[in-house]
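If you're matching them up, the sequences are chains A and B in order. Everything in the first sequence is counted per numbering that gives the first Met the number 0, starting at 0 for the first residue and increasing by one. Everything in the second sequence is counted per numbering that gives the first Met the number 0, starting at 0 for the first residue and increasing by one. Glycine included, each C-beta is placed from N, C-alpha and C at the ideal position.
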Amino acid sequence: MANDPRRQQTRGAKSAPSPWREQAESYLSHHRRVARDSAQRLWQSPIASMMTWTVMGVALALPVALMLLLASLEGVSAGWESSARVTAYLNDSVSIEEARAIKAKVSDDSRVAGVELIDRDTALDEFRASSGLEDALDYLNENPLPHTLLVTPSESSRTADGVEMLLTVIEGLDGVERVQVDLGWLQRLNAMTDLLGRAVWVLALLLAAAVVLVIGNTVRLAIENRRDEILVAKLVGGTDAFVRRPFLYTGAWFGLGGGIVAWLLLQISLWWLSGPVERLAGLYRSEFSLNGLTFDGGLALIIAAMLLGWLGAWVAVKRHLDDIEPGEIAGG
Amino acid sequence: MIEFRQVTKRYDSDHTALRQVNFGLERGELAFLTGHSGAGKSTLLKLIMVMERPSAGEVIVGGQVLNTLPRRQVPYIRRHIGVVFQNHKLLFDRTVFDNVAMPLEVMGTPARDIGRRVRAALDKVGLLSKEKMNPLQLSGGEQQRVGIARAVVNKPPVLLADEPTGNLDPELSADIMRLFAEFSQVGVTVLIASHDIALINDLGRRKLTLDHGRLVSGVGPAGGLHG
């Protein structure tokens, strides 16, 4: 943070040059002291700090919650893709022997794991049994149903694109009337999660910008409050890096607090929602479950929050600290 | 140590604070800078501290021409210049010790050296016993001496003072001046802006007098244009 190599080459004309090791130690101890001091200043105004942390926490928790939801949804669609089956309806004119030939041809394709042939009579029986239209079907002179092939794609082809390709191949075969794959809803879900994914990123960027601005404004007030100190530090030869340092730490501490609040908010919401979500998923016989943040994810969230806080402080410091010049200090 | 060559400082078209000022101060020299209010005393001090840059001419401190000094080098020049202000510019959110330690802290001085040098500076101004107090608890004269301790704690070769006795009674003022004289005896170049003519004449040091931005006396070295 604000690493400034210039500080190492202190040029006290009359001070004995101390070994660089001592310099480095004093530099580090200065960092520790500034970091501790900035943290203490936040503690000294707990309500104001809490409010800033909460604002940051909410702004960070929102996009992260949506990202988690998105990850969970993608898990669902991945599960369903593997069970996709292609249904090929053959022409009415195709005889059972021809149907078997087509079945053999489809089986030879390396992208196909298995093919099941359902002849039209079996299909009618099944339909009769399942639809409850027995009487109505009796009025039909002949079986209106075609022979049907149920194609299971091989493992490598069980992706949206793979299934799509297989679909075109089967559709191109002689005697195939129509191919259907129950991927429509899956594609819609995919499209929706894609869209949601982008929306989440836009939202995340906007909220990150909001966090930077909130911290920037808070740090601006801190700079105003410590104006005299900044002036004196600049007067006695404090470098820009020296003067900035406490405020950059302040920003990072705001980020740390905000990140922790965001994590807590996420865990609490998850705990509160997980029961109903499980029940709902159970009703749909779905494997769907809301995944919380892993420990690493939480850590990444906090680090990202600290970086945002630091960045916000940097913006404020750049804009306001350089304006404070000791020019006005001497009177008359 | 300090040299001004044809220095002009113009703030805007109708306000010229300094006009072609020439003078030089040797190492260990103590001089007063005097003149009416608005004569350019503060501007002159600000030019030495690189708070302002001259419009024309050259300001040289310790052999370094300040005109072309890059902004980020300015702090390193200021570490060689101690400054004492009329209003002290002390920070009231910390102890006397921490106030005096600031110039050492910005230089990255190791902690144990800070303690030793701060106490040496406070001892010099006679406030060693008050290091743990808040500057607010001190009298005006004591606050001024804390300001002086802060200005000299890192042993700068140049010491500037802007009306250092402005708010003090004559006795305290004489004390403060004695301190400055002691510093000049050990080789520090001291320049004191003051309009306390009586005090200045008592001390009989070199006097630089400004009048509407022009240096009207004290141009040459000590003894030249003595006022």
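Handout entry: Residue nearest to B:L29 in terms of C-alpha spacing, selected from B:G212, B:E181, B:L198
Key = Taking the first residue of the second sequence as 1, we reach residue 29 of chain B at position 30. Measuring from the Cα of B:L29, the nearest candidate turns out to be B:E181.
Exercise for the section: Measure from the C-beta of A:H29 to each C-beta in chain B and report whether the shortest distance is under 9 Å. Expected result: Position 30 of the first sequence, counted from the first residue, corresponds to residue 29 of chain A. Taking Cβ atoms only, chain B reaches closer than 9 Å to A:H29, which makes this a yes.
Exercise for the section: Could you tell me which residues DSSP pairs with B:S216 in its beta bridges? Expected result: For the purposes of this step, residue 216 of chain B is taken as the residue at position 217 of the second sequence. Note: B:S216 sits in a beta bridge opposite B:T208.
Problem - Element boundaries [alpha helix (DSSP H), containing B:Y75] - result: Position 76 of the second sequence, counting from 1, holds the residue named residue 75 of chain B. 73-77 is the extent of the alpha helix (DSSP H) around B:Y75.
Practice task
Kindly list, in the order they appear in chain B, the residues whose Cβ is closer than 7 Å to that of A:G237.
Solution key: Within the first sequence, residue 237 of chain A is the residue found at index 238, counting from 1. Per Cβ cutoff of 7 Å: P74, V105.
Exercise for the section: Closer than 9 Å, Cβ to Cβ, to anything on chain A: give me those residues from the region 76-89 of chain B, in chain order. Expected result: I76, R77, R78, H79, I80, G81, V82, F84, Q85, N86, K88, L89
Problem - DSSP-derived helix/strand/coil call for A:R6 - result: Within the first sequence, the letter at position 7 stands for residue 6 of chain A. In this prediction, A:R6 scores a pLDDT of 45, lower than 50, which makes its location untrustworthy; no coordinate-derived value is stated.
Practice task
Measure the CB-CB distance between B:E130 and B:V157 and report whether it falls below 9 Å.
Solution key: Looking up residue 130 of chain B in the second sequence gives position 131. Looking up residue 157 of chain B in the second sequence gives position 158. No, the Cβ-Cβ distance between B:E130 and B:V157 is not below 9 Å.
Handout entry: Separation of B:E57 from B:H211, as counted between CA atoms
Key = Position 212 of the second sequence, counting from 1, holds the residue named residue 211 of chain B. Position 58 of the second sequence, counting from 1, holds the residue named residue 57 of chain B. B:H211 and B:E57 have their C-alpha atoms roughly 19 Å apart.
Problem - Contact set between the region 291-313 of chain A and chain B, restricted to residues whose Cβ is under 7 Å from the partner - result: none
Practice task
Kindly say whether A:Y248, judged by its beta-carbon, lies nearer than 9 Å to any beta-carbon of chain B.
Solution key: Position 249 of the first sequence, counting from 1, holds the residue named residue 248 of chain A. Closer than 9 Å: no.
Handout entry: 9 Å Cβ cut-off: residues of chain A touching B:A119
Key = In the second sequence, counting from the first residue as 1, residue 119 of chain B sits at position 120. Here the premise fails: no neighbours, minimum Cβ distance about 13 Å.
Exercise for the section: Kindly indicate the opening and closing residues of the alpha helix (DSSP H) around A:P152. Expected result: Position 153 of the first sequence, counted from the first residue, corresponds to residue 152 of chain A. Looking at the DSSP string, A:P152 is not in any alpha helix (DSSP H); the run it does join, the beta strand (DSSP E), is 147-152.
Practice task
Compute the Euclidean distance between the alpha carbons of B:L190 and B:N21, then round it to the nearest angstrom.
Solution key: Residue numbering aside, residue 190 of chain B sits at position 191 when the second sequence is read from its first letter. Residue numbering aside, residue 21 of chain B sits at position 22 when the second sequence is read from its first letter. Taking the straight line joining both Cα atoms gives about 15 Å.
Exercise for the section: Please state if the CB of A:P245 and the CB of A:S25 are separated by a distance shorter than 9 Å. Expected result: Start at 1 with the first residue of the first sequence, and residue 25 of chain A comes out as number 26. Start at 1 with the first residue of the first sequence, and residue 245 of chain A comes out as number 246. Result no, Cβ atoms of A:S25 and A:P245 do not sit closer than 9 Å.
Exercise for the section: Have a look at B:A307 and B:H35 and give me their C-alpha separation to the nearest angstrom. Expected result: It is not possible to answer for residue 307 of chain B, since the shown part of chain B is limited to 0 through 226.
Problem - Residues of the region 217-234 of chain A with Cβ closer than 8 Å to any Cβ of chain B, in chain order - result: Answer set for the region 217-234 of chain A: D227, E228, L230, V231, A232, K233, L234.
Exercise for the section: Kindly indicate which residue of B:G186, B:T208, B:V185, B:A150 has the alpha-carbon position closest to the one of B:A192. Expected result: Within the second sequence, the letter at position 193 stands for residue 192 of chain B. Measuring from the Cα of B:A192, the nearest candidate turns out to be B:T208.
Problem - Cβ shell of B:R9 (< 6 Å), same chain only, five flanking positions each side left out - result: By one-based count along the second sequence, residue 9 of chain B stands at place 10. Once the five neighbours on either side are set aside, the close Cβ partners of B:R9 are T15, S54.
Exercise for the section: Might you give, ordered along the chain, the residues of its own chain that have their beta carbon closer than 7 Å to the beta carbon of B:P134, omitting 5 neighbours on each side? Expected result: On the second sequence, position 135 is the one that residue 134 of chain B refers to. Counting only Cβ-Cβ distances below 7 Å, and skipping sequence neighbours, we find L89, F91, V95, N98, Q142, V145.
Problem - DSSP-derived helix/strand/coil call for B:Q85 - result: Reading the second sequence from its first residue, position 86 is the one you call residue 85 of chain B. Of the three classes helix, strand and coil, the one that applies to B:Q85 here is coil, per DSSP.
Problem - Helix, strand or coil at B:A160 according to DSSP, with G and I counted as helix - result: Position 161 of the second sequence, counted from the start, is the residue given in the question as residue 160 of chain B. In this structure, DSSP gives B:A160 an extended state, which the three-state scheme calls strand.
Exercise for the section: Put A:N290 into one of helix, strand or coil per three-state DSSP. Expected result: For the purposes of this step, residue 290 of chain A is taken as the residue at position 291 of the first sequence. The answer is coil: DSSP assigns A:N290 none of H, G, I, E or B.
Practice task
Name, please, each residue of chain B whose Cβ falls closer than 7 Å to the Cβ of A:Q22.
Solution key: Counted from its first residue, the first sequence places residue 22 of chain A at position 23. Per Cβ cutoff of 7 Å: G107.
Exercise for the section: State the DSSP-derived secondary structure class of A:E141, mapped to helix, strand or coil. Expected result: Position 142 of the first sequence, counted from the first residue, corresponds to residue 141 of chain A. Residue state, collapsed to three classes: coil.
Exercise for the section: To the nearest angstrom, report how far apart B:G27 and B:N153 are at their CA atoms. Expected result: Residue numbering aside, residue 27 of chain B sits at position 28 when the second sequence is read from its first letter. Residue numbering aside, residue 153 of chain B sits at position 154 when the second sequence is read from its first letter. Taking the straight line from one Cα to the other gives about 16 Å.
Problem - Rounded straight-line distance, which links the Cα of A:A261 to that of B:M50 - result: Reading the second sequence from its first residue, position 51 is the one you call residue 50 of chain B. Reading the first sequence from its first residue, position 262 is the one you call residue 261 of chain A. Near 45 Å, if we compare the C-alpha coordinates of A:A261 and B:M50.
Handout entry: Own chain partners of A:L72 with C-beta closer than 6 Å, once the 5 adjacent residues on each side are dropped
Key = In the first sequence, counting from the first residue as 1, residue 72 of chain A sits at position 73. Closer than 6 Å at Cβ, skipping near neighbours: T192.
Practice task
Keeping to the same chain, check which residues put their C-beta closer than 6 Å to that of A:A315; ignore five residues upstream and five downstream.
Solution key: Within the first sequence, the letter at position 316 stands for residue 315 of chain A. Same-chain partners within the cutoff: G215, V218, R219.
Exercise for the section: Quick one: which residues of the region 152-172 of chain B get their C-beta closer than 7 Å to a C-beta of chain A? List them in chain order. Expected result: N153, K154, P156, D161
Practice task
Would you kindly work out how many angstroms separate the C-alpha atoms of A:G256 and A:L206, rounded to a whole number?
Solution key: Within the first sequence, residue 256 of chain A is the residue found at index 257, counting from 1. Within the first sequence, residue 206 of chain A is the residue found at index 207, counting from 1. Answer to the nearest angstrom: the Cα atoms are 16 Å apart.
Practice task
Quick one: using the 10 Å Cβ neighbour count with 16 as the cut-off for buried, is A:Y283 buried or exposed?
Solution key: Locating residue 283 of chain A in the first sequence gives position 284, where the first residue counts as 1. When all chains shown are included, A:Y283 counts as exposed.
Exercise for the section: State yes or no: is the C-beta of A:V210 within less than 9 Å of the C-beta of A:G311? Expected result: By 1-based counting over the first sequence, the position of residue 210 of chain A is 211. By 1-based counting over the first sequence, the position of residue 311 of chain A is 312. Result yes, Cβ atoms of A:V210 and A:G311 sit closer than 9 Å.
Handout entry: Beta-ladder partner(s) of B:F240, from DSSP
Key = Past the edges of chain B, shown from 0 to 226, lies residue 240 of chain B, and the structure says nothing about it.
Handout entry: Buried or exposed (CB count within 10 angstroms, at least 16 for buried), B:R115
Key = The count along the second sequence starts at 1 and reaches residue 115 of chain B at position 116. Per the 10 Å Cβ criterion, exposed.
Problem - Beta-bridge partners of B:E57, as assigned by DSSP - result: Your numbering for residue 57 of chain B matches position 58 in the second sequence. Paired residues: B:R4.
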